[in-house]
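A.B. asks: When we follow mature numbering (1 follows the signal peptide of the UniProt record, and there is no 0), the leftmost residue of the sequence shown carries the number 128, and every step to the right adds one.
Think of the CB as a built atom: it goes at the ideal place given N, C-alpha and C, for glycine as much as any other residue.
First, the structure itself, so that you have it in front of you.
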Amino acid sequence: HYSFFPGQPSWPASNRDLTYAFYENLTDDEKSVFQRAFDRWAAVTTLTFTPASSFATADIKIGFFSGDHGDGESFDGVLGTLAHAFAPTAGLFHLDAAENWVVSGDISTSTVSTAVDLESVAVHEIGHLLGLGHSSVAGSIMYPTISAGTRRTELTNDDIQGIQKLY
Ligand code: TQI
Ligand code: ZN
Ligand code: ZN
């Protein structure tokens, strides 16, 4: 079953058209992975996600960081922690720059044993950004573990029921 953060924080009804921006320049392929991940949640809620006109005013800030990057949650190199995102309305989504991120193409044919599918992680972390905690339903987007080398990007009924309680 789905869960929420303590106190069930969510984005307020006055701000359901959320904007996002990146700490650094990303390739168009990378940017489209994040937009696709946002679109999956937008499809089942009243939320919208649009690139921000300026970084400073963005609701959601996304970037790649290494090791200790100043928020008390250090990254740990290849595998282990892949990414983290904070509960609403912090809007911070950080990815471990040390991972062998698969941006496009088929992770199941990757020859890199430590490959991690960027879109799968993005869909999961956006769930956290929007207020979902972990789910006990194996195979759901918000299940806390994923098998290495797999892709998991489709919301399940459990993810949809959870997010629709919030939005
Ligand atoms: N990062 C953890 C996660 O996002 C960080 C974390 C642990 C966390 N407990 C939390 C974040 C509670 C919010 C609330 O779950 S991770 C997966 C999965 C990670 C793991 O790097 O371990 C995915 C990131 F589910 F596949 F194991 C993304 Cl998809
Ligand atoms: Zn961080
Ligand atoms: Zn998680």
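To the nearest angstrom, how far is the alpha carbon of LEU257 from that of PRO215?
C.D. replies: Going from the Cα of LEU257 to the Cα of PRO215 covers about 6 Å.
A.B. asks: Among SER263, GLY254 and ARG279, which residue has its Cα nearest to the Cα of ASP244?
C.D. replies: Of the listed residues, the one whose Cα sits closest to ASP244 is ARG279.
A.B. asks: Look at the alpha carbon of GLU246 and the alpha carbon of ASN142, and state the distance between them as a whole number of angstroms.
C.D. replies: Taking the straight line from one Cα to the other gives about 25 Å.
A.B. asks: Closer than 6 Å to a non-hydrogen atom of ligand 1 - does that hold for the CB of ILE234?
C.D. replies: It does not: the Cβ of ILE234 is nowhere closer than 6 Å to a heavy atom of ligand 1.
A.B. asks: Got a sec, what are the start and stop residues for the beta strand (DSSP E) GLY190 sits in?
C.D. replies: It spans 187-192 - the beta strand (DSSP E) in which GLY190 sits, taken as one unbroken run.
A.B. asks: At the level of alpha carbons, what is the spacing between THR272 and GLU281?
C.D. replies: Those two C-alpha atoms are separated by around 15 Å.
A.B. asks: Quick check: GLY254 and PHE132, are their CB atoms within less than 7 Å of each other?
C.D. replies: Cβ distance not < 7 Å, so GLY254 and PHE132 don't count as in contact.
A.B. asks: Determine the contact status of PHE165 and GLY190, defining contact as a CB-CB distance below 7 Å.
C.D. replies: Going by C-beta atoms, PHE165 is not nearer than 7 Å to GLY190.
A.B. asks: Would you mind giving the Cβ-Cβ distance between ASP156 and THR177, rounded to the nearest angstrom? I have them listed as a contact below 8 Å.
C.D. replies: That belief does not hold up - the Cβ atoms of ASP156 and THR177 are roughly 19 Å apart, past 8 Å.
A.B. asks: Checking the sheet assignment: what are the DSSP bridge partners for ASP223?
C.D. replies: Per DSSP, PHE192.
A.B. asks: Secondary structure at TRP228, three-state DSSP: helix, strand or coil?
C.D. replies: Correct three-state label for TRP228: strand.
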